[in-house]
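All remarks here apply to the structure that follows.
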Amino acid sequence: MGNRVAIVGIGQTFHKSNRKDVTLQEMVGEAVRAALLDAQMKTQDVEAVFTANMETFENIFLPDAMMADETAAFMKPGLKVATGGTAGASVVEEGFHFVASGLFDTALVIGFEKQDCGDTTAAITGAVTPVWGKGVATGAIGEFAKQALTYMQKTGAKEEHAAMVRLKADKGACRNPYAHLRLGLKSIKEVLDSGYLVWPLKFLEFCPQSSGACALIFASEQKARKITRKPVWIADLVTVHQEPFRAGSFGDPTGKEEYSQDIAVDRLYKRNGITNPIRDICMAEIYEPSNWEEMSHYEHYHFCPRNEGWKMVEKGMTEMEGEFPVNPSGGVIATNPIGATPTIRVAEAALQVRGDAGEHQVTRDVHTAMATALGGPNWTVATLLRRSL
Amino acid sequence: MTTEKAEKKPELIKVDIARPRTYKWSSGKYLGRVYKEALENKKLVANRCPKCKELIWQPAAVCGRCNVEAGEDWVVMSDKGTVVQYTYLVFPLWDPHYGDRLANPYPTATIKLDDDGVFLVHFLEERDPEKLKNVKRVQAVWKEEGRGRGLGDILYFRTIDE
Amino acid sequence: MAEIMQDRVEKLKDLDVFVYHGKIFIPNTYTAGLTGSRFLIELRDNKRIMATRCQACEQVYVPARSVCKYCYGQLTEWVPVSDVGTVETYTVDGHSNGVQPMDPPIIYGIIKLDGATTGLVHMISGVDFEKLAIGMRVKAVFAEKRVGSILDIKYFAPLA
Amino acid sequence: MSERVGIVAVAQTKYSADRADVNEGELVYEAVKQVLQETGLKFAKDVTGGDALNFGIDASVTCSQDHWDGRTISNCNVMSYVGGHHSDEDKVAEDSLNAVFTACARIMSGHQDVVLVATHCKESQADKWGIENTALDPVFLRVLGLDFLSGAAMQARRYMYKYGITAEQCARVVVKNRANGLKNPLGQGTPAVTVADVLGSQVLASPIRQLDMKPASDGACAMILATEKKAKKLCARPIWIKGVSNCYETHYLGDRDLAECDALVKAAKKAYSMAGITDPDRQLSLAEISEEYSYQELLWMEGLGLCGRGEAGRLIESGTTQLGGKLPVNPSGGMLAGNPTVVAGMARIAEGVLQLRGEAGERQVRGAKTALAHGFTGVCGALQGVMILGKA
């Protein structure tokens with residue numbers, strides 16, 4: 079069997095809407111430098127470099143080769159993967175396989191996106207080519223607006239619940255120096271009055287376009303124990319892609335189709351002896367492009383029964399001090415450099431397991447954490463991290 | 012002197028590049044059949060998976076859910092249907108295929124076509140947000156000339172009262 | 229602005245297959261970053277080619293760069309390099325690719341400027357194609373109207 | 236290598252200058268269908284008690300490029316055709332040799348036993364120069380209007396100058412590969428040429444002439460990799476991956492002497508050491524090298540240590556690398572006979588597998604036991620990949 083794999087280094091940029099002070103190479107280099115510093119390693123100690131982003135966002139072809147010098151990949155093995163919004167987690171999967179295989183003892187795993195040099199919604203619209211449907215796209219925003227409407231009608235959730243989720247996210251973001259949107263919201267009223275972006279989604283209810291990068295350093299077991307006293311083990315990782323839903327892009331209003339989220343966590347929980355997720359897992363960093371999605375995902379990740387995601391919010395269970403904290407980092411609704419976002423989820427979950435999340439460290443002791451990613455037509459990557467294996 | 016200069020933010024140079032790239036996307040055989048039926052007969056067709064018996068949309072050589080070959084069991088679908096979901100853009104969206112910033116003039120809806128038809132994403136003719144709320148039954152309005160663009164042969168779906 | 233090409237759909241001769249002739253057009257705005265901007269501003273304002281130096285690795289990077297590829301150190305020392313250098317390789321590019329700043333033929337070359345340890349990829353002009361040779365000495369010719377772009381160097385011409 | 240990884244099935248479409256008759260999914264399915272039929276494998280989630288095999292394909296690794304497919308999240312084009320529904324799928328955005336490298340790692344990690352790898356590219360549908368231009372640094376290189384041809388031309392010039400390689404020697408590569416290509420039933424039928432034809436063809440970017448460059452090509456390739464145990468259940472003669480590695484060059488063309496290919500030297504060294512190869516030119520039965528431009532076969536041969544620096548020219552003149560020579564290079568015809576970018580790396584591996592299984596027909600290298608497959612991505616070989624395949 080393969081090596082066990084641990085995260086021994088974590089680095090992020092300070093995610094912002096614009097980073098005009100750095101080129102793409104330099105921005106990604108910042109995250110790499112932070113990860114090397116965190117692990118007290120030098121570039122020579124890194125044996126391979128794996129990267130991920132969505133090329134059409136910057137309209138840069140083969141960006142990994144372009145940034146080889148700045149990401150310590152010069153004269154080293156490595157490669158780039160690109161799926162959809164899940165790209166930042168697909169690269170975590172490949173890093174996991176490559177280090178476990180024994181081909182490399184250490185590897186840099188990097189997700190990045192510099193959205194200040196392109197047009198994100200235009201790039202997403204490019205996911206459907208004109209030969210199939212020209213001009214019908216409303217971008218991801220439109221899709222999630224439809225989702226929010228369906229969730230409201232199906233579960234009886236109120237706009238106030240969605241606003242409470244947004245407030246929770248902002249509380250976390252304000253305690254996370256790397257987060258992009260740190261608004262200092264005081265009450266749900268501010269969210270409710272923020273005007274519609276795409277009905278029924280309001281301005282504050284959808285993720286920003288950010289520029290940022292996140293770099294992790296993976297190490298095999300015997301290497302990891304030499305590098306750090308606090309390795310975070312990748313216990314397991316499940317990727318589930320799927321065909322587009324017949325009646326929607328990110329959700330199935332007919333209620334007849336299985337979600338990749340459910341399939342992914344079923345496999346993950348069964349393989350790792352998890353019978354009661356919010357007991358056996360201590361916290362989660364999930365990929366929620368909108369606050370409505372967060373409530374729906376509570377259900378798809380079996381944190382609560384179907385149609386009761388909003389009740390967890392009402393009882394404050396997922397607050398930082400709550401019974402099952404979710405997205406203490408502020409989540410995707412506060413920070414979304416798309417290629418890096420899934421990698422950030424793994425990084426933030428790992429910081430919680432290490433107890434190094436500083437101001438946004440959750441109250442509950444975290445020995446096990448889950449990070450998820452959403453992308454493409456509702457694809458899912460679920461990663462399980464543990465303090466000890 | 013130097014402190015004053017230090018405060019001045021350093022000038023940052025940007026490089027603007029705006030170059031379209033041409034593409035020739037092929038419909039392939041299965042989507043080509045949708046183009047042909049729309050062009051010649053103003054009909055919407057899809058092929059049915061022999062295993063799960065569901066209509067495959069976007070028509071393809073394989074049913075991805077069953078991992079079996081889809082074959083040529085083509086079904087003509089009604090071009091009437093019921094609106095399941097809709098949304099409209101508040102802001103113009105840069106559409107890379109037009110190379111322009113367009114606010115889609117029409118709302119985009121998911122329409123369930125009658126008689127076990129597929130869920131089709133297309134435009135609604137109705138643009139008034141208030142009236143949109145009670146648009147339920149709709150029917151396709153086909154172009155009379157200039158067809159040959161598959162689903163683009165339908166201008167939009169018009170509200171029908173049934 | 230490139231004219232917006234009209235889409236068209238063509239049915240293949242003897243097949244029920246249709247080919248959609250279209251385009252993808254997303255304008256982009258890239259930043260040169262702090263280091264790159266200073267290099268370009270020096271071209272624009274002072275007609276000077278500046279490099280960043282890595283003392284430890286004895287590297288002088290042109291165009292100026294913020295990271296040394298060998299020691300991964302952050303480069304903060306700026307040094308001017310000569311506008312005269314040696315041609316390391318070149319090509320007389322006759323093919324048109326739709327993204328060139330002028331009509332071909334264009335002579336592209338890599339010029340190792342005196343004082344630099346890396347070559348600068350740029351254009352060469354003012355020389356007969358047959359006279360082009362590796363090892364040739366060339367000098368930067370600056371544009372009259374400079375805007376803060378690598379094209380503020382119009383081309384490199386053979387040293388008299 | 237700890238757990239041996241076997242290739243149990245390979246398939247390629249018939250390469251063509253223009254496959255406008257199919258979309259990307261239908262194209263890749265032409266290859267995927269063959270490897271599924273050859274092995275009788277289903278996807279893991281579809282395996283029921285009653286099947287002949289009690290295991291299935293655990294994951295798919297696809298390989299394509301958003302820029303070439305003209306579509307964001309371009310793996311949506313092939314998802315249904317590679318069993319991606321409710322399964323593990325990932326897309327590598329490099330030359331496809333790296334996708335096989337990824338599948339190999341997934342199996343060696345013990346996380347997965349059987350992996351389908353599938354790649355496609357339709358060069359006829361996109362603007363090659365426009366795409367390549369966007370791979371270059373936007374501030375200092377892209378605005379100059381460079382693409383991979385002008386980059387390759389500067390490399391060819393430097394290599395020919397420093398090591399005395401001649402235009403005739405480069406032309407011989409084209410003559411050899413196109414002749415081999417006509418013996419390959421899956422080849423594109425690119426017509427044979429003489430040295431004079433090549434030297435007489437129009438200069439695109441000196442010293443590269445029209446016939447020094449590969450033709451546009453559309454195609455797909457699929458293969459199935461498995462653990463040693465399952466590979467032996469799936470086919471009589473699995474071909475083993477004895478060594479594999481890759482390596483990044485610097486992006487800044489001015490930072491390196493373009494006559495050198497240090498990243499390829501390093502990748503080859505690692506792959507050889509994994510495979511226990513010390514003298515590649517004697518121990519390899521054949522080499523399949525990705526060459527978009529004729530000079531590249533010669534330069535990459537030297538980087539791969541198949542001969543000394545500057546000796547590739549003499550090697551091609553001596554007929555050593557011809558079919559029937561001591562070390563045949565590109566019996567498949569290579570990219571110069573017609574392979575798409577992205578697909579080229581797996582096309583090299585597929586030819587290696589066919590040769591080692593003795594199924595290469597007219598172009599069979601007699602007694603082939605060990606084959607090298609090489610694939611590169613990007614301008615002037617920005618990311619070099621090397622794989623060693625063995626019969627035993």
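Heads up: the sequence lines are chains D, V, R and G, in that order. Under this note's numbering, the first residue of the first sequence carries the number 79, and numbering increases by one thereafter. Under this note's numbering, the first residue of the second sequence carries the number 12, and numbering increases by one thereafter. Under this note's numbering, the first residue of the third sequence carries the number 229, and numbering increases by one thereafter. Under this note's numbering, the first residue of the fourth sequence carries the number 236, and numbering increases by one thereafter. We put the beta carbon where it would ideally sit given N, CA and C, even for glycine. Nothing here was measured: the structure is a model prediction, and the numbers come from that model.
Asked	Found
8 Å Cβ cutoff, E324 of chain G in contact with chain V	no
E491 of chain D - containing alpha helix (DSSP H), residue span	Coverage of chain D is limited to positions 79 through 467, which leaves residue 491 of chain D absent and any answer about it impossible.
Whole runs of the beta strand (DSSP E) within the stretch 319-405 of chain G, excluding any shorter than 3 residues	323-327 and 349-357
is_contact[V374 of chain G, chain V] using C-beta, thresh 8 Å	yes
Contact set for E270 of chain R: own chain, Cβ-Cβ below 6 Å, skip 5 residues either direction	R276 and M278
Cross-chain neighbours of G376 of chain R in chain D, by beta carbon under 9 Å	Simply none; closest approach about 14 Å.
Cβ neighbours of R592 of chain G in the same chain (closer than 7 Å, five flanking residues each side left out)	R472 and I474
W36 of chain V, enclosing beta strand (DSSP E) - first and last residue	R32 to S37
Assigned secondary structure, D253 of chain G (DSSP; H/G/I helix, E/B strand, else coil)	coil
Buried or exposed by the 16-neighbour rule on C-beta atoms within 10 Å, applied to I356 of chain D	buried
Counted within 10 angstroms of its Cβ, other Cβ atoms place P61 of chain V as buried (16 or more) or exposed	exposed
Rounded separation between D356 of chain R and A385 of chain R - CA only	11 Å
Assigned secondary structure, K158 of chain D (DSSP; H/G/I helix, E/B strand, else coil)	strand
The stretch 286-297 of chain D in contact with the stretch 397-415 of chain D per 3-pair CB rule at 8 Å	yes
Contact check, S315 of chain G vs E321 of chain D, beta carbons under 8 Å	yes
Sequence-distant residues of the same chain with beta carbon closer than 6 Å to E238 of chain R, five excluded per side	V247
Selected residue, minimal CA-CA separation from A421 of chain G, among G:K277, G:L589 and G:H609	Reading off the sequence, residue 421 of chain G comes out as Leu, not Ala. Of the listed residues, the one whose Cα sits closest to L421 of chain G is G:L589.
The alpha helix (DSSP H) enclosing S353 of chain R, as first and last residue numbers	No alpha helix (DSSP H) holds S353 of chain R; DSSP gives it neither H nor E.
Ordered list of alpha helix (DSSP H) runs contained in the stretch 578-610 of chain G, each at least 4 residues	579-591
Residues within the stretch 137-167 of chain D neighbouring chain R, beta-carbon criterion of under 7 Å	N137, D147, E148, A150 and F152
N-terminal and C-terminal residue of the beta strand (DSSP E) that E363 of chain D is part of	M361 to E363
Sequence-distant residues of the same chain with beta carbon closer than 8 Å to K20 of chain V, five excluded per side	none
R42 of chain V classed as buried or exposed, judged by whether at least 16 other C-beta atoms fall within 10 angstroms	The amino acid at residue 42 of chain V is misidentified as Arg; the sequence shows Leu. Buried, since its Cβ has 16 or more Cβ neighbours within 10 Å.
Beta carbon proximity, T263 of chain R to chain G, threshold 8 Å	no
is_contact[P291 of chain R, chain V] using C-beta, thresh 8 Å	no
Start-end ranges of the beta strand (DSSP E) lying completely within the stretch 511-537 of chain G, minimum 3 residues	521-523
M364 of chain R: CB within 7 Å of a non-hydrogen atom of the ligand ATP	Because no ligand of any kind appears in the structure shown, any question about the ligand ATP cannot be addressed here.
Neighbourhood of T402 of chain R by C-beta distance below 7 Å, restricted to the same chain and skipping five residues each side	Residue 402 of chain R falls outside the range modelled here, since chain R spans only 229 to 388, and no answer is possible.
Residue burial classification, K561 of chain G (beta-carbon count within 10 angstroms, cutoff 16)	exposed
Members of the stretch 240-259 of chain R near chain V, C-beta cut-off 9 Å	L240, L243, D244, V245, F246, V247, Y248, H249, G250, K251, I252, F253, I254, P255, N256, T257, Y258 and T259
Residue nearest to L618 of chain G in terms of C-alpha spacing, selected from D:R244, D:M144 and D:A205	D:M144
Environment of L113 of chain V [buried if 16+ CB atoms lie within 10 Å]	exposed
Cβ neighbour criterion (16 or more within 10 Å) applied to V375 of chain R	exposed
Limits of the alpha helix (DSSP H) - the one that N481 of chain G falls within	Unbroken run through N481 of chain G is the beta strand (DSSP E), I474 to Y483; no alpha helix (DSSP H).
Secondary structure, alpha helix (DSSP H): runs of 4+ residues fully inside the stretch 122-170 of chain V	140-143
is_contact[V26 of chain V, chain R] using C-beta, thresh 8 Å	yes
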